[in-house]
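Working notes, structure below.
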Amino acid sequence: MTNLATLSRRERQIMSIIFSLKKATVHEICERLDGSPTPMAVRRMLAILTEKGHLKREKSGREFVYLAKQSKSVAGVKALRDVLETFFEGSIGSALATHLDRPGSKLTEDDVEHLESLINRLRDEETQS
Numbered sequence: 226m227t228n229l230a231t232l233s234r235r236e237r238q239i240m241s242i243i244f245s246l247k248k249a250t251v252h253e254i255c256e257r258l259d260g261s262p263t264p265m266a267v268r269r270m271l272a273i274l275t276e277k278g279h280l281k282r283e284k285s286g287r288e289f290v291y292l293a294k295q296s297k298s299v300a301g302v303k304a305l306r307d308v309l310e311t312f313f314e315g316s317i318g319s320a321l322a323t324h325l326d327r328p329g330s331k332l333t334e335d336d337v338e339h340l341e342s343l344i345n346r347l348r349d350e351e352t353q354s
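In this note's numbering, the protein residues as written are 226 to 354.
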């Protein structure tokens, strides 16, 4: 299976639709994509995503439905890990600092509390081991 982070913009859009619907037909995907792609173009993209190992298809009546081979959260974790390795030498801290140093970057109070909670939990686990 190829990395989700390496997919084209259109492939990522299709994956996003399938993640949100859980399973989708060519027609359902065409309805949700911008730019009015033809069903043939969408079928080709679905075939590529299937070949890359991201999708599986099942017969449903006269057509196929497409399903993601892994959950959105699992795919997201793998994609994030690949981005961290590629651009930040595996450091989540460097990635977060880079993001927060950008003009216009914001964290809500809930975000800050969540991050503090995670950091405190990791510190507690580290001192216990």
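Glycine included, every Cβ here is placed at the ideal spot set by N, Cα and C.
Cβ-Cβ distance between residue i and residue j below 8 Å
i	j	result
residue 226	residue 277	yes
residue 292	residue 243	yes
residue 275	residue 268	no
residue 228	residue 307	yes
residue 294	residue 305	no
Assumed close pair residue i, residue j - CB separation to whole angstroms, cut-off 8 Å
i	j	result
residue 310	residue 251	Incorrect: roughly 34 Å between the Cβ atoms, too far for contact.
residue 324	residue 330	6 Å
Cα-Cα separation, residue i to residue j
i	j	result
residue 264	residue 302	31 Å
residue 318	residue 286	49 Å
residue 271	residue 238	11 Å
residue 332	residue 342	15 Å
residue 312	residue 248	32 Å
residue 235	residue 351	42 Å
residue 231	residue 299	16 Å
residue 246	residue 296	12 Å
residue 327	residue 347	26 Å
residue 284	residue 273	18 Å
residue 353	residue 322	27 Å
residue 233	residue 340	31 Å
residue 345	residue 314	23 Å
**Asked** Any contact of the stretch 253-260 with the stretch 318-337, i.e. 3+ C-beta pairs under 8 Å?
**Response** Contact between the stretch 253-260 and the stretch 318-337 is absent, because fewer than three Cβ pairs lie under 8 Å.
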